[in-house]
Amino acid sequence: MSDRTLRTHTDTVAAEGLDDWRWMLRALHARFRTGDFVTGLRLATAITEAAEEMDHHPDLDLRYPHLNVRLSSHDVGGVTDRDLRLARRISELAAEAGVAADPASVQVLELALDTADLERVRPFWLAALGMSETASPDELVDKGGSLPTLWFQETDPHDEPRQRFHVDITVPPEVAPGRIEAALAAGGTLVSAAREPAFTILADAEGNKACVCTSAGRD
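In this text, residue positions in the sequence shown follow the numbering used here: the first is -18, and each later residue adds one.
Okay, here's the thing in structure tokens:
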């Protein structure tokens, strides 16, 4: 199997039978409900050993009730066959340990800043947040994984103050309708559904915007 960089991410993950995993923002994500810290540590250790054997390493986030796993090929900035192979092996290890996946619970938060002059504001945020540049000039990341990605959305110059920051919350496609419904029931309003299912723009009672995003409609 070649180490291709996947382009049709959602369809490929489904075709590979990786039911434990969801593709979001150039990576595969899974959450395993370990139930306690010891079980989580044992699964993390087994994953570490498999990763060493395959010479491909995931990001692991161990919490008391669950273990989060993120897979991406950093050398190409996306998901490759290496990630599919390791994802399959991790799911096998979890099944052997009697640990179930909870794919509906995975999500990724990003911050977006509207700007009419990227080069004017980007250096400030790079320095102030201690973040790192990527291959995309409109994106800054925290390589330590503590902060959400910050990306810059091009906008027209304007005199009147308007909301500059908004949040993007990426969830599995099957979760998005319920998340949107819950936000609307909590006093939100629908700003635009023109780009569904890729993203839906919502606003709170004061007009502050948030986008509920999915991998669907992006391939």
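Note that CB positions come from ideal geometry on N, CA and C, so glycine has one too. Owing to the predicted nature of the structure, the values given are computational and were not obtained by experimental measurement.
Mind reading off the beta-carbon distance from residue i to residue j? Whole number of angstroms is fine, and I expect it under 8 Å.
| i | j | result |
| --- | --- | --- |
| Ser196 | Met5 | 6 Å |
| Ala186 | Gly168 | 5 Å |
| Arg7 | Ser72 | In fact, because the Cβ distance is near 20 Å, the residues do not count as touching under 8 Å. |
| Ala32 | Leu67 | 7 Å |
| Ala82 | Ala27 | 15 Å between Cβ atoms; not a contact. |
| Asp95 | Arg145 | 5 Å |
| Leu131 | Met112 | 7 Å |
| Leu22 | Leu43 | 7 Å |
| Leu48 | Leu24 | 6 Å |
Indicate the three-state DSSP secondary structure (helix, strand or coil) for residue i in the structure shown.
| i | result |
| --- | --- |
| Asp201 | Absent from the model: residue 201. The displayed extent of the chain is -18 to 200, so no value can be given. |
| Gly159 | helix |
| Arg63 | helix |
| Ala184 | strand |
Which residues bound the beta strand (DSSP E) around residue i?
| i | result |
| --- | --- |
| Ala191 | Lys190 to Cys194 |
| Pro176 | The sequence shown places Arg at residue 176, not Pro. It is not in any beta strand (DSSP E) - Arg176 carries neither H nor E in the DSSP assignment. |
| Arg51 | Leu48 to Leu52 |
Exposed or buried, residue i, counting other C-beta atoms within 10 Å across all chains shown (16 or more means buried)?
| i | result |
| --- | --- |
| Pro46 | exposed |
| Val19 | exposed |
| Val(-6) | buried |
| Asp56 | exposed |
| Pro104 | exposed |
| Asp64 | buried |
| Thr170 | exposed |
| Pro138 | exposed |
| Asp1 | buried |
| Lys190 | buried |
| Pro39 | buried |
| Thr29 | exposed |
| Pro153 | buried |
| Thr136 | exposed |
| Ala164 | buried |
| Leu201 | There is no way to answer for residue 201, as the model of the chain reaches only from -18 to 200. |
| Ala93 | buried |
| Asp149 | buried |
What alpha helix (DSSP H) runs, 4 residues minimum, are completely inside the stretch 70 to 153? Qualifying alpha helix (DSSP H) stretches, in chain order: 99 to 109.
Report the residue ranges of all alpha helix (DSSP H) runs contained in full by the stretch -5 to 39; include only those spanning at least 4 residues, in chain order. 18 to 35
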